[in-house]
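Undergrad: The structure that follows is given in the form of structure tokens.
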Amino acid sequence: MSAGPQSERIETGSVDVGGIRTFYRRIPGDGPPAVLVHGVPTHSEDWVPVLEAMRGPAIAMDLPGFGRSDRPPPERFDYSMRAHGRFVWDFLEAMDVVDYSLCMHDWGGVGLIAAQREPGRVRRLVVINAVPFLPGYRWHRTARIWRTRGLGELSNRVWSRRFVDFSMRESRGDWSRQPSQFVDLIVDHLDRGTLDGILRLYRS
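In this text, residue positions in the sequence shown follow this note's numbering: the first is 1251, and each later residue adds one.
Right under this line is the structure:
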């Protein structure tokens, strides 16, 4: 299910990033693009309204294990924060992106790892709802489930639309402000590979 028809301005495609087929959406154009990195458990479709509103070039990828990108086994991609950060960098290289602005939401903050690689290439940084994991940080309830060995695996075996709805309410606050189709956009691309990758990310 989609939140609505995607603008014809948005191109879609895929690129090989270290053997991982990576789906992306983009607004073509000249100049340094805005690179949009989604959070968990969403994907690039989260950014469609933003892409449609942009005037200049922009790219939104599906990280490994999410959306329409490959779900590589853990021996090929370990799904840790650092692995995702390195992947963002490798994606930029695969797309021949030199200078860019970086907009990150939630776990998309892993893009900061890529930004540190060559800071001079970054024009602007926008960080939305990403938190520093300082000592004493308290995870939301669903995250605590995912981070608990055994319990996280059990939750992934019994996940349902209702569980996703509960998880999003727990982690996003005032759920009434979210579009009614938002949960469907998540559920449509959640499978065992995505769920197992989420456990590895939250435990990294």
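By construction, the Cβ of each residue, glycine as well, lies at the ideal position given by its N, Cα and C atoms.
#1: Tell me the DSSP secondary structure of M1458 in three-state form.
#2: Who are the Cβ neighbours of L1449 in its own chain at under 6 Å, not counting the five residues just before and after it?
#3: Taking V1267 as part of the beta strand (DSSP E), name the residues at either end of that continuous run.
#4: Hey, is the region 1382 to 1398 in contact with the region 1366 to 1373, meaning 3+ C-beta pairs nearer than 8 Å?
#5: Give a yes or no on whether the C-beta atoms belonging to P1307 and I1277 are separated by under 7 Å.
#6: Going by the beta-carbon positions, is the gap between A1303 and S1351 smaller than 7 Å?
#7: Drop a sphere of 10 angstroms on the beta-carbon of R1275, count the other beta-carbons inside from all chains shown, and report buried for 16 or more, exposed for fewer.
#8: W1425 to I1436, Cα distance in whole Å?
#9: Just how far apart, CA to CA, sit D1296 and H1288?
#10: Between the beta-carbon of V1348 and the beta-carbon of A1364, is there less than 7 Å?
TA: On the basis of the coordinates in this document:
#1: A question about residue 1458 goes unanswered here, because the residues of the chain that appear run from 1251 up to 1454.
#2: W1396 and G1402
#3: E1261 to V1267
#4: no
#5: yes
#6: no
#7: buried
#8: Only weak support is given to the placement of W1425: the predicted model assigns it a pLDDT of 49, under 50, and the value that follows is read from those uncertain coordinates. Those two C-alpha atoms are separated by around 14 Å.
#9: 7 Å
#10: no
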